[in-house]
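S.K.: Have a look at the structure that comes next, please.
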Amino acid sequence: AQRVTQPEKLLSVFKGAPVELKCNYSYSGSPELFWYVQYSRQRLQLLLRHISRESIKGFTADLNKGETSFHLKKPFAQEEDSAMYYCALRDQAGTALIFGKGTTLSVSS
Amino acid sequence: GAVVSQHPSRVICKSGTSVKIECRSLDFQATTMFWYRQFPKQSLMLMATSNEGSKATYEQGVEKDKFLINHASLTLSTLTVTSAHPEDSSFYICSAADRAKTQYFGPGTRLLVL
Chain A
1 AQRVTQPEKL
11 LSVFKGAPVE
21 LKCNYSYSGS
31 PELFWYVQYS
41 RQRLQLLLRH
51 ISRESIKGFT
61 ADLNKGETSF
71 HLKKPFAQEE
81 DSAMYYCALR
91 DQAGTALIFG
101 KGTTLSVSS
Chain B
1 GAVVSQHPSR
11 VICKSGTSVK
21 IECRSLDFQA
31 TTMFWYRQFP
41 KQSLMLMATS
51 NEGSKATYEQ
61 GVEKDKFLIN
71 HASLTLSTLT
81 VTSAHPEDSS
91 FYICSAADRA
101 KTQYFGPGTR
111 LLVL
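Line order of the protein sequences matches chains A and B.
For what it's worth, this note's numbering labels the leading residue of the first sequence as 1, then goes sequentially.
For what it's worth, this note's numbering labels the leading residue of the second sequence as 1, then goes sequentially.
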């Protein structure tokens, strides 16, 4: 069965510290992986996707098929990064997204 | 960028009544829209996939007669919660997929059934 696991409910770091939000997935084929972010009182928005291999707001994520992981990383966290982060998977058929339970990132000064 | 709107943003209704929630893609056409439900401090749970001009595909455990979905045009999908009960109270979120299959999310609708 398709599943996305985000083991951490809450991650608290100090400003300037490195951040890694963990995401593991279970899927038999070749999925597409995404990270979505939801800032306080705002809608869910796409942060990045693995096929783009891009860096958005300093965040990067590499798909590791061997470990079935797609961890989100940022070398130096900023207070404005505080938000809820969801890892999501889409199957090859390109239908709906399957979301992890989300991780709240809290960055304090 | 692509914008998806939802209306209403918040609705309170009496038990037994029906409530309609609209989801619109404002600046792009969406052949596929999705409806999610989010419980407090939990993840988004996919309820159904709505395809323009055809019947919606419901996820296991979601009652299609209770959650009626209509996708009448390429920019509008509606979710009607029929005979609402207090346990239907939740946050309902829609998304619309563009040609590249990128999903853009609406701001959500908070439903409270008394």
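No residue lacks a Cβ here, since even glycine has one placed at the ideal position from N, Cα and C.
Predicted, not measured: the structure shown is a model, and the values here were computed from it.
To the nearest angstrom, report how far apart A:Thr103 and A:Val4 are at their CA atoms.
M.R.: When rounded, the distance between both Cα atoms is 12 angstroms.
S.K.: By Cβ distance below 6 angstroms, which residues in the same chain neighbour B:Tyr58 in space, the five residues on each side in sequence not counted?
M.R.: So the qualifying residues of the chain are Ala48, Lys64.
S.K.: So A:Ala83 and A:His71 are in contact, right, with Cβ under 8 angstroms, and what is the actual spacing, rounded?
M.R.: With 8 angstroms as the limit, A:Ala83 and A:His71 do not qualify as a contact, their Cβ atoms being about 17 angstroms apart.
S.K.: Does the contact criterion of 3 or more C-beta pairs under 8 angstroms hold for the segment 8 to 17 of chain B versus the segment 28 to 35 of chain B?
M.R.: With the cut-off at 8 angstroms, the segment 8 to 17 of chain B and the segment 28 to 35 of chain B do not touch.
S.K.: Using a cut-off of 7 angstroms between C-beta atoms, extract the partners of A:Tyr25 located in chain B.
M.R.: Result: empty, since nearest Cβ-Cβ is about 14 angstroms, beyond 7 angstroms.
S.K.: Quick check on DSSP: helix, strand or coil for B:Glu87?
M.R.: Three-state result, B:Glu87: helix.
S.K.: Measure the alpha-carbon distance for A:Val35 versus B:Leu76 and round it to whole angstroms.
M.R.: In the sequence under discussion, the amino acid at residue 35 of chain A is Trp, which differs from the Val named in the question. So the alpha carbons of these two residues sit roughly 26 angstroms apart.
S.K.: Please determine, among B:Ser73, B:Leu74, B:Leu111, B:Ala97, the residue with the shortest C-alpha to C-alpha distance to B:Ser89.
M.R.: Here the closest residue by C-alpha is B:Leu111.
S.K.: Tell me the rounded alpha-carbon separation between A:Val13 and A:Gln38.
M.R.: A:Val13 and A:Gln38: Cα-Cα distance of roughly 18 angstroms.
S.K.: Select from B:Phe28, B:Ser18, B:Arg24, B:Glu22 the residue whose C-alpha is nearest the C-alpha of B:Lys101.
M.R.: Of the candidates B:Phe28, B:Ser18, B:Arg24, B:Glu22, the one whose C-alpha sits nearest the C-alpha of B:Lys101 is B:Phe28.
S.K.: Can you tell me where the beta strand (DSSP E) with B:His7 in it begins and where it stops?
M.R.: Run containing B:His7: 4 to 7, per the beta strand (DSSP E) assignment.
S.K.: Any beta carbon of chain A sitting closer than 9 angstroms to that of B:Ser43?
M.R.: So yes, B:Ser43 belongs to the interface.
S.K.: Would A:Gly58 be called buried (16 or more neighbouring beta carbons within 10 Å of its own) or exposed?
M.R.: With fewer than 16 other Cβ atoms within 10 Å, it is exposed.
S.K.: Who are A:Ala88's beta bridge partners in DSSP?
M.R.: DSSP output for A:Ala88 lists A:Phe34, A:Phe99 as bridge partner(s).
S.K.: Report yes or no: is there a C-beta of chain A within less than 9 angstroms of the C-beta of B:Lys55?
M.R.: No, its Cβ sits nowhere closer than 9 angstroms to a Cβ of chain A.
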